[in-house]
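For the sequence shown, the residue numbers in this note's numbering are 4 to 255.
Even for Gly, the Cβ is constructed at its ideal location relative to N, Cα and C.
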Amino acid sequence: MAIAAFIWIALLGTFSGLLIGCIGIGGVILVPALVFLAGLPIQAAIPAAMFAYILSGLVATVVFARNESIHWGMAIWLCLAATPAAFAGAWAVSVFDPRLLAALLGLLTFLSGLNALRTQKLADIFNTEVPGKVLVVIGAVTGFLSSVTGTGGPMVLVPILMSMSVPVLTAVGLSQAIQLPVAIAATFGNVLYGKLDMTLAGVLAASLTIGSWFGANLAHSVPRAVLRGIVSTVLVVIGVFILANVCWRLLK
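So, in structure tokens, the structure goes:
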């Protein structure tokens with residue numbers, strides 16, 4: 004890997020990790036950036052990103068746990084369902100058309116941005132009890148979609164929980180907890196069914212972890228409304244760009 008590419012990918016990983024740790028939405032930026040800015044194949048970008056989420060997810064989870072921002076009762080149900088679903092998603096990556104993966108990624112990016120742009124008045128403490136059966140379904144959906152798109156968990160889970168009136172800090176904390184088992188299961192599946200570039204994965208793991216640590220600490224000290232507004236706008240723009248690019252490739 005050239006030095007310039009090494010630095011560029013590390014910067015993308017750090018920025019993505021910062022957003023993941025702070026507001027739970029950042030992994031959705033990483034894979035599109037690797038594919039459309041760094042020029043990597045999507046089948047190489049997704050496995051490397053999922054591997055990188057293992058260490059970054061562990062670090063962010065520790066920070067949120069120390070601040071007592073993780074609802075462990077909900078986390079257990081989510082993680083139990085997400086783990087096998089993430090493994091299934093890794094298999095899907097190995098057989099799906101790259102253009103279909105890109106289209107799905109673009110749609111998820113766009114919808115995530117629109118959802119986060121919505122003004123929502125959330126309580127400062129957890130006041131919404133979500134049934135275990137519902138959490139199992141949410142966990143399975145999150146695990147599969149996160150694995151198949153390389154977004155790691157938070158991007159899918161945070162909007163879902165926020166739409167159910169779960170406070171934003173609780174939602175982000177749960178997204179950090181689910182990130183670790185999803186990444187481990189997806190990486191195991193990627194090793195079995197696909198290819199894992201360990202050089203790329205190592206660069207991303209180091210940079211994502213640094214960004215996630217700073218982001219997780221920032222989440223507990225800085226108002227998230229401004230950051231969410233900026234990131235949400237960026238997500239919408241990126242989603243439109245990816246979908247337009249996919250349409251252009253289909254019409255070629």
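Going by beta carbon distance, what residues of the same chain come within less than 8 Å of residue i, once the five residues before and after it are set aside?
{"i": "V34", "result": "I45, A48, I49, A52, L108, T152, G153, T154"}
{"i": "G156", "result": "G30, Y56, G60, A85, T145, G146, S149, S178, I181, Q182, V185, A186"}
{"i": "V249", "result": "R102, A105, A106, G109"}
Helix, strand or coil for residue i? Go by DSSP, reduced to three states.
{"i": "L195", "result": "helix"}
{"i": "V140", "result": "helix"}
{"i": "I73", "result": "coil"}
{"i": "V133", "result": "coil"}
{"i": "V240", "result": "helix"}
{"i": "L43", "result": "coil"}
{"i": "F113", "result": "helix"}
{"i": "V175", "result": "helix"}
{"i": "P50", "result": "helix"}
{"i": "P184", "result": "helix"}
{"i": "T154", "result": "coil"}
{"i": "P170", "result": "coil"}
In chain order, what residues of the same chain lie with their CB nearer than 6 Å to the CB of residue i, ignoring the 5 residues before and after it?
{"i": "L211", "result": "G16, G20, A55, S59"}
{"i": "I32", "result": "S19"}
{"i": "M201", "result": "none"}
Verify whether the separation of the beta carbon atoms of residue i and residue j is less than 9 Å.
{"i": "L238", "j": "L177", "result": "no"}
{"i": "A63", "j": "G92", "result": "no"}
{"i": "V194", "j": "S150", "result": "no"}
{"i": "A105", "j": "I241", "result": "no"}
{"i": "A89", "j": "G192", "result": "yes"}
{"i": "S72", "j": "L172", "result": "yes"}
{"i": "G27", "j": "V137", "result": "no"}
{"i": "A209", "j": "A7", "result": "no"}
{"i": "M158", "j": "V133", "result": "no"}
Terminal residues of the continuous alpha helix (DSSP H) containing residue i?
{"i": "M1", "result": "For the chain, the structure presents residues 4 to 255; residue 1 sits outside this window and is missing."}
{"i": "F9", "result": "6 to 26"}
{"i": "F39", "result": "30 to 39"}
{"i": "L160", "result": "157 to 166"}
If I measure Cβ to Cβ from residue i and keep anything under 7 Å in the same chain, skipping five residues before and after, which residues do I get?
{"i": "W11", "result": "A41"}
{"i": "S215", "result": "G20, I23, G24, S59, V62, A63"}
{"i": "V66", "result": "W216, A219, N220"}
{"i": "A247", "result": "none"}
{"i": "D127", "result": "Below a pLDDT of 50, predicted positions are generally treated as unreliable, and D127, at 44, falls in that range; no measurement from the model is reported."}
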